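Numbered continuously in this note's numbering, the sequence shown closes out at residue 753. Virtual Cβ for every residue (Gly too), placed ideally from N, Cα, C. Note that the structure is predicted; figures quoted are calculated from it, not measured.
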Amino acid sequence: MQTTAAMPTVEPSVGSRTVLIVDDVEESRDLLMWQLERDSQLHVIGQAADGQEAVARAAELQPDLVVLDLNMPRRDGLTTIPQLYNVAPRTRVVVLTSYNSQEALHAAADLGAVKCLLKGMRRADLLSALHRALGLAD
616 MQTTAAMPTV
626 EPSVGSRTVL
636 IVDDVEESRD
646 LLMWQLERDS
656 QLHVIGQAAD
666 GQEAVARAAE
676 LQPDLVVLDL
686 NMPRRDGLTT
696 IPQLYNVAPR
706 TRVVVLTSYN
716 SQEALHAAAD
726 LGAVKCLLKG
736 MRRADLLSAL
746 HRALGLAD
């Protein structure tokens, strides 16, 4: 089992929204964290390497937003979405994946993902989409 390291304790700025990043590729998690931490409205409070860990972390942390990959070992993103809402009902889930299957993206939306995004998009577009998912002004 791949586990993620504990996040350093950093206080979020006033009014920022908390984010949990879920991706089985450590480099992808680290890059996304780097991108999000440069936005004063978003504060990364945790990471998870698979769906099972994501559900446990979401139950513990109650993030405002979970950014979730679909293709992961042990528990994939589609299986994870409803479980996230069970343990953290106020959380919003945004899928960020390289898995470009319209069927999977529609299934994610049907399960409650508020946005489905493809990896590789420009940082400004990603941040704008995450802000909209959270109801924040750009």
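{"Item": "Euclidean distance between Cα positions of Ser655 and Ala664", "Value": "25 angstroms"}
{"Item": "Residue range of the alpha helix (DSSP H) that includes Leu646", "Value": "641-652"}
{"Item": "Segment limits, beta strand (DSSP E) that includes Leu683", "Value": "680-683"}
{"Item": "Three-state class that DSSP yields for Thr712 in the structure shown", "Value": "strand"}
{"Item": "Pairwise C-alpha distance: Gln698 and Arg737", "Value": "29 angstroms"}
{"Item": "Heavy atom of the ligand PLP within 8 angstroms of Pro704 beta-carbon", "Value": "The ligand PLP is not part of the structure shown, which contains no ligands of any sort."}
{"Item": "Neighbour-count burial assignment, Ala723, 16 or more Cβ in a 10 Å radius", "Value": "buried"}
{"Item": "Cα-Cα separation, His658 to Glu718", "Value": "31 angstroms"}
{"Item": "Collapsed DSSP secondary structure at Gly735 in the structure displayed", "Value": "coil"}
{"Item": "Rounded C-alpha distance that separates Leu635 from Gly735", "Value": "19 angstroms"}
{"Item": "Same chain, Cβ closer than 8 angstroms to Gly630, neighbours up to 5 away in sequence not counted", "Value": "Gln656"}
{"Item": "Three-state secondary structure (DSSP) of Gln656", "Value": "coil"}
{"Item": "Residue closest to Ile696, alpha-carbon to alpha-carbon, out of Gly727, Ala671, Asn686, Leu711", "Value": "Gly727"}
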